[in-house]
Amino acid sequence: MEESNLILFFGRFHPLIVHLPIGFLMIGALMEVAERLGWLTNVRPAIIFSLLLGVASAVAASVLGYMLGTSGDYAPDMLDAHMWAGIITTVVAAAALLLKTRWVDFTKVQTQLYLGLLAVMMIAMSATGHLGGNMTHGSDYLTKYAPFIPKPVDPLARPKVTDIQQAQLFGDVIHPIMRDRCMSCHSSEKQKGKLSFSSIEEYLKGGESGHLIVAGDASASELFKRISLPAGHDDIMPPEGKEPLTEEQQLLIKFWIDGAGANFDTLLSQVEVPEEVMTAASHYLGLSGDGEQMLALDSIAPKDLEQLRLMGFEVRELAAGSYALDVTLPSGKANPSDIMRYLDALDKVREHVIWLAMDDSGLSDEYLVHFAGYPNLRSLKLSNNAITDAGIKQLSGLPVLEKLNLYGTGVTVSSMDHLRRLPALQVVYVWQTGIDEEAIHEWHSEHEKPRLVSGS
Numbered sequence: 062m063e064e065s066n067l068i069l070f071f072g073r074f075h076p077l078i079v080h081l082p083i084g085f086l087m088i089g090a091l092m093e094v095a096e097r098l099g100w101l102t103n104v105r106p107a108i109i110f111s112l113l114l115g116v117a118s119a120v121a122a123s124v125l126g127y128m129l130g131t132s133g134d135y136a137p138d139m140l141d142a143h144m145w146a147g148i149i150t151t152v153v154a155a156a157a158l159l160l161k162t163r164w165v166d167f168t169k170v171q172t173q174l175y176l177g178l179l180a181v182m183m184i185a186m187s188a189t190g191h192l193g194g195n196m197t198h199g200s201d202y203l204t205k206y207a208p209f210i211p212k213p214v215d216p217l218a219r220p221k222v223t224d225i226q227q228a229q230l231f232g233d234v235i236h237p238i239m240r241d242r243c244m245s246c247h248s249s250e251k252q253k254g255k256l257s258f259s260s261i262e263e264y265l266k267g268g269e270s271g272h273l274i275v276a277g278d279a280s281a282s283e284l285f286k287r288i289s290l291p292a293g294h295d296d297i298m299p300p301e302g303k304e305p306l307t308e309e310q311q312l313l314i315k316f317w318i319d320g321a322g323a324n325f326d327t328l329l330s331q332v333e334v335p336e337e338v339m340t341a342a343s344h345y346l347g348l349s350g351d352g353e354q355m356l357a358l359d360s361i362a363p364k365d366l367e368q369l370r371l372m373g374f375e376v377r378e379l380a381a382g383s384y385a386l387d388v389t390l391p392s393g394k395a396n397p398s399d400i401m402r403y404l405d406a407l408d409k410v411r412e413h414v415i416w417l418a419m420d421d422s423g424l425s426d427e428y429l430v431h432f433a434g435y436p437n438l439r440s441l442k443l444s445n446n447a448i449t450d451a452g453i454k455q456l457s458g459l460p461v462l463e464k465l466n467l468y469g470t471g472v473t474v475s476s477m478d479h480l481r482r483l484p485a486l487q488v489v490y491v492w493q494t495g496i497d498e499e500a501i502h503e504w505h506s507e508h509e510k511p512r513l514v515s516g517s
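Structure (structure tokens):
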């Protein structure tokens with residue numbers, strides 16, 4: 062193993078070790094306060110032991126942090142501030158430990174000095190942790206949702222678009238996707254792989270793997286290759302443990318590279334945009350396909366969102382502050398015998414659900430009535446569920462439903478007589494169902510919409 066790789070290998074233990082001094086030093090300081098207030102007695106040995114463990118682990122964390130800093134993934138200014146705050150914490154804690162072990166009966170001056178060192182230690186430790194959090198999660202991680210605190214200005218941000226024909230493909234669609242999903246690791250503050258999405262110059266510069274984008278060729282572009290890797294792959298972006306980009310987001314990025322030549326100024330109206338790309342862009346921008354603003358939605362009770370997430374749903378906003386939701390229940394996550402509990406939780410946010418995926422979730426015909434009356438539902442995925450024509454008849458009251466995925470279900474062409482009455486339905490995915498190629502061909506010869514798509 063090369064020396065540089067060995068240093069980084071050990072450096073990556075820094076996040077594991079760094080929490081130890083925080084705990085030990087804080088417990089030591091709290092026990093000191095508790096003893097002086099008379100809440101605890103005879104804890105001097107415990108205080109010394111806690112401070113000793115805190116200092117030892119702080120030294121280890123500092124050394125490992127220095128090793129991790131050699132990766133070049135972090136902004137030098139923030140890295141230096143974090144490093145020196147950590148060193149100050151360690152030195153001050155060591156001084157407090159020294160005084161505690163040498164002095165048994167403190168004079169007034171000694172007491173003031175010792176307690177002052179503990180106070181400085183706690184302040185420096187808090188600052189160190191805050192700076193480290195900023196480096197890992199971004200400078201607005203702590204204050205992002207705090208009221209009355211101005212949000213940091215994104216130099217690439219644009220005013221909210223109200224007409225999709227005037228939407229800039231990069232500024233209004235692509236960069237917001239990258240900002241929301243990738244900049245916690247790739248910004249001016251943290252440059253994992255020496256890659257940042259903070260400016261157009263940095264998009265063009267790329268990272269340690271070279272240029273990020275090959276204009277006109279998504280398949281050769283490192284950006285698209287990374288975001289479209291299978292889940293669990295070592296090189297997927299965002300990495301495992303973070304929410305991957307949706308199919309629609311990948312589609313938009315692919316079109317920007319292939320269809321718009323990765324141009325940073327192109328408007329959607331200036332290029333020929335396939336229908337599925339325009340639909341995805343409309344959804345992401347919170348606009349309908351004809352450019353009209355989507356129905357204004359009320360805020361959502363945080364407890365309702367928390368309940369969905371605790372049950373295993375993946376929930377995200379299509380656009381920040383829109384309260385329009387993309388909801389996915391991962392395949393096999395639901396217990397079929399308990400499916401009603403999942404549906405009842407969904408019903409609480411029915412007006413906010415724009416995209417819904419419940420593939421392989423144990424649904425059967427009698428449950429589909431729950432989706433009737435979802436007024437803003439545009440995309441519904443029900444693949445690999447025990448659904449037949451009888452269940453499809455219950456899908457009503459869906460005035461803006463555009464896409465329906467019935468892959469691997471038991472529906473037949475009889476269902477189309479009902480589905481064609483849904484006014485906005487554009488496409489139905491029907492591979493591995495009772496609708497064969499002959500039926501699809503016959504349907505298309507007689508009807509313009511909805512379009513039936515099979516896997517053949």
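So the working numbering is basically just the index in the sequence shown, starting at one, shifted up by 61.
The C-beta atom is built at its ideal place from N, Cα and C for all residues, glycine as well.
Predicted model, so just to flag it, every value in this text is computed and none were measured.
>> Here's a check: name, in chain order, each residue in its chain whose Cβ is nearer than 7 Å to the Cβ of P518, leaving out the five neighbours to either side.
In response: Limits of the chain in this structure are 62 at one end and 517 at the other, which puts residue 518 out of reach.
> In terms of alpha-carbon separation, which member of K221, D319 and A418 lies closest to D233?
Replying inline: The option with the nearest alpha carbon to D233 is K221.
> Could you give the distance in angstroms between the alpha-carbon of S343 and the alpha-carbon of F374?
Replying inline: Inter-residue distance for S343 and F374 is about 24 Å (C-alpha atoms, whole angstroms).
> Helix, strand or coil: how does DSSP classify S187 here?
Replying inline: If DSSP states are grouped into helix, strand and coil, S187 belongs with the helices.
> Is the distance from the Cβ of G347 to the Cβ of A385 below 8 Å?
Replying inline: Their beta carbons are under 8 Å apart, which means G347 touches A385 by this criterion.
>> Pull the bridge partners of R377 from the DSSP assignment, please.
In response: DSSP lists D387 as partners of R377.
> With DSSP run on the structure shown, which of helix, strand or coil describes G115?
Replying inline: Helix at G115.
>> If you reduce the DSSP assignment to three classes, tell me which class A418 lands in.
In response: Per DSSP, reduced to three states, the secondary structure at A418 is strand.
> When you compare each of P391, L441 and T470 to V414 by their alpha carbons, which one comes out closest?
Replying inline: Minimum Cα-Cα distance from V414 among the listed residues P391, L441 and T470 corresponds to L441.
> G469: which of S457, H508, S476 and D421 sits nearest, CA to CA?
Replying inline: Of S457, H508, S476 and D421, the residue nearest in Cα terms is D421.
>> I'd like to know whether the C-beta atoms of I453 and L483 end up nearer to each other than 8 Å.
In response: At a Cβ-Cβ threshold of 8 Å, I453 and L483 do not count as neighbours.
>> Am I right that I274 and L290 are in contact with their C-beta atoms under 8 Å? What's the rounded C-beta distance?
In response: Between I274 and L290 the beta-carbon gap is near 17 Å, outside 8 Å, which marks them as no contact.
>> Taking the alpha-carbon of E378 as reference, which of P391, P363 and S392 has the nearest alpha-carbon?
In response: Nearest of P391, P363 and S392 to E378, Cα basis: P363.
> Considering only residues of the same chain and omitting the five flanking positions on each side of A188, which have a CB-CB separation below 6 Å?
Replying inline: Excluding residues up to 5 positions away in sequence, A146 lie with their Cβ nearer than 6 Å to the Cβ of A188 in the same chain.
> In chain order, which continuous runs of the alpha helix (DSSP H) of length 4 or greater are located wholly inside the stretch 433–470?
Replying inline: Those alpha helix (DSSP H) runs which fall completely within the stretch 433–470 and span 4+ residues are 450–453.
> Which value, in whole angstroms, describes the spacing of the CA atoms of T307 and D426?
Replying inline: In this structure, the straight-line span from the alpha carbon of T307 to that of D426 is close to 27 Å.
>> Beta-carbon within less than 8 Å of A433's beta-carbon, same chain only, minus the 5 sequence neighbours each way: which residues are those?
In response: Closer than 8 Å at the Cβ level, and outside the excluded window around A433, lie Q455, L456, S457, G458 and L459.
>> Let's test the definition: count the other Cβ atoms within 10 Å of the Cβ of G126 and tell me whether it reaches 16, buried, or not, exposed.
In response: So G126 counts as buried.
> Using the C-alpha atoms, what's the distance from V116 back to L130?
Replying inline: It is Gly, not Leu, that sits at residue 130 in the sequence shown. Those two C-alpha atoms are separated by around 21 Å.
>> By DSSP's criteria, G268 is part of a beta bridge. Which residues make up the other side?
In response: Paired residue(s): G271.
> Quick one: what does DSSP say Q493 is sitting in, helix, strand or coil?
Replying inline: If DSSP states are grouped into helix, strand and coil, Q493 belongs with coil.
> From the DSSP output, which residues share a beta bridge with V514?
Replying inline: In DSSP, V514 forms a bridge with Y490.
>> Do I288 and I318 count as a contact pair if the criterion is CB distance below 8 Å?
In response: For the pair I318 and I288, the CB atoms are not nearer than the 8 Å cut-off.
>> I'd like to confirm something about V222: is its beta-carbon nearer than 7 Å to some heavy atom of the ligand ATP, or not?
In response: Among the components of this structure there are no ligands whatsoever, and the ligand ATP is therefore not found.
> For H505, which option in L67, V488, V388 and T494 has the closest C-alpha, if you only look at C-alpha atoms?
Replying inline: With distances taken between Cα atoms, H505 lies closest to V488.
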